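Novice:
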Ligand SMILES: [Zn+2]
Ligand SMILES: [Zn+2]
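Numbering (my numbering), first residue to last: 791 to 1149.
#1: Using 8 Å for Cβ pairs, my map puts residue 1145 next to residue 1125. What's the rounded Cβ distance?
#2: Using the C-alpha atoms, what's the distance from residue 989 back to residue 1009?
#3: Closer than 6 Å by C-beta to residue 1052: which residues in its own chain qualify, once you throw out the five before and the five after it? Chain order, please.
#4: First and last residue of the alpha helix (DSSP H) that includes residue 980?
#5: Go ahead and pull the three-state DSSP assignment for residue 916.
#6: So does residue 933 have its beta carbon nearer than 6 Å to some heavy atom of ligand 2?
#7: What is the DSSP secondary structure of residue 1103, counted as helix, strand or coil?
#8: Any residue with its C-beta under 5 Å from a non-hydrogen atom of ligand 1 counts. Can you list them all in chain order?
#9: Span of the alpha helix (DSSP H) holding residue 1119?
#10: Please give me, in chain order, every unbroken run of the alpha helix (DSSP H) with length at least 4 that falls completely inside the region 802-860.
#11: Is it the case that the Cβ atoms of residue 823 and residue 1149 are separated by a distance below 7 Å?
#12: Note down the Cα distance separating residue 923 from residue 929, rounded to an integer number of angstroms.
#13: Please state the DSSP three-state secondary structure of residue 1029.
#14: Quick check on residue 1033: buried or exposed, where buried means 16 or more other Cβ atoms within 10 Å of its Cβ?
#15: Give the range of the alpha helix (DSSP H) segment to which residue 1010 is assigned.
#16: Between the Cα of residue 907 and those of 1072, 1071, 791, spot the shortest distance and give me the residue it belongs to.
#17: Among 1109, 978, 1048, 1062, which one has its Cα closest to the Cα of residue 1087?
#18: Label residue 776 either buried or exposed according to how many other C-beta atoms from any shown protein chain fall within 10 Å of its C-beta, with 16 as the threshold for buried.
#19: Beta strand (DSSP E) containing residue 966: first to last residue?
#20: Just the C-alpha distance for residue 1108 and residue 1080, rounded to the nearest angstrom, thanks.
#21: Looking at residue 1129: is its Cβ nearer than 7 Å to the Cβ of residue 1136?
#22: Per DSSP, which residues does residue 1063 bridge with? Please list them.
#23: In three-state terms, what does DSSP make of residue 871?
#24: Under the rule that 16 or more other beta-carbon atoms within 10 Å means buried, what is residue 1074, buried or exposed?
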């Protein structure tokens, strides 16, 4: 028996319970988890904002050690440290053929598979392909990437979602250039990674925005040069901080209509807004035709940082090794599996950065 955090049904509380995992079949890898980050998308699966087959073992941002490999797996071997990639690309669909692997239409096909069994015999799915809230997991080989040299194995878990997303939002989606000004809305795990990425990109000013006044220190440690507690005056305050113009780039890491609209209004004429946050269908953002013309701004979505993990991880790892990117600064709490429901509550209350389950 392996302990895991299982979502029995949408809207139901998580169960921390024993599961039975099969041995890895052809093309699969069994991993003993070292750490797993608690991401807002796990919460979005529990409340139904995102829909995937349940009951499911949640958790999609993880790292660990390979225990055994199935037939045909050659890129990792038992004993190797690995990062989990919850969105493996197929390489053959239309977006993949265009090189936009983050939009792979087959990326979440694995979520429909039966992944494990609960003690009472229920079949369990792997929440977002990987089922990382468990002492061990069995995943498809493309979900496993070797941990880059010099990156601590536990903190490496964060590479698999928050870091790739924040890094990619800055470097691929918004394409921040040295000297530009950036505002980051939402100082959670992804927001903190985005702040660090903006600093590394050479942004001349980085404004962090959050509803909580308590995250200022965290934000400044990640690279924020100014901190704004969200209010109806946020856009005005950001313009004031940038010579009356507004920032060149806004990154929205919340997924709410009001923050998307405010982020857009905070950018200069011709500015770019990247939406990383995942919101629900009830979050309608409205623009009138004249302002779209007048401001000449760009608003774009960003999926998994518009990132190719295999290409980006070595680049990010180099910044970790030279001390520019501090993975540990994203983690505000280290917990056990039993601490996940509490970490969900903290996220709902808008507290902290990333909670990391350490096994
Ligand atoms: Zn995530
Ligand atoms: Zn594909």
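Just so you know, even glycine gets a beta-carbon here, dropped at the ideal spot from N, CA and C.
Remember, predicted model here, so these are calculated numbers, not experimental data.
Specialist: Put simply:
#1: 5 Å
#2: 11 Å
#3: Hits under 6 Å: 1024, 1025.
#4: 979-990
#5: strand
#6: no
#7: helix
#8: 829, 831, 951
#9: No alpha helix (DSSP H) holds residue 1119; DSSP gives it neither H nor E.
#10: Fully enclosed alpha helix (DSSP H) runs of 4 or longer: 830-836.
#11: yes
#12: For the pair residue 923 and residue 929, the Cα-to-Cα distance works out to about 13 Å.
#13: helix
#14: Residue 1033 is classed as exposed because its beta carbon has fewer than 16 other beta carbons within 10 Å across all chains shown.
#15: Residue 1010: member of the alpha helix (DSSP H) spanning 1006-1011, first to last residue.
#16: 791
#17: 1062
#18: The question about residue 776 has no answer here: the residues shown for the chain are numbered 791 through 1149.
#19: Premise fails: residue 966 is in no beta strand (DSSP E) and is neither H nor E.
#20: 45 Å
#21: no
#22: 1040, 1089
#23: strand
#24: exposed
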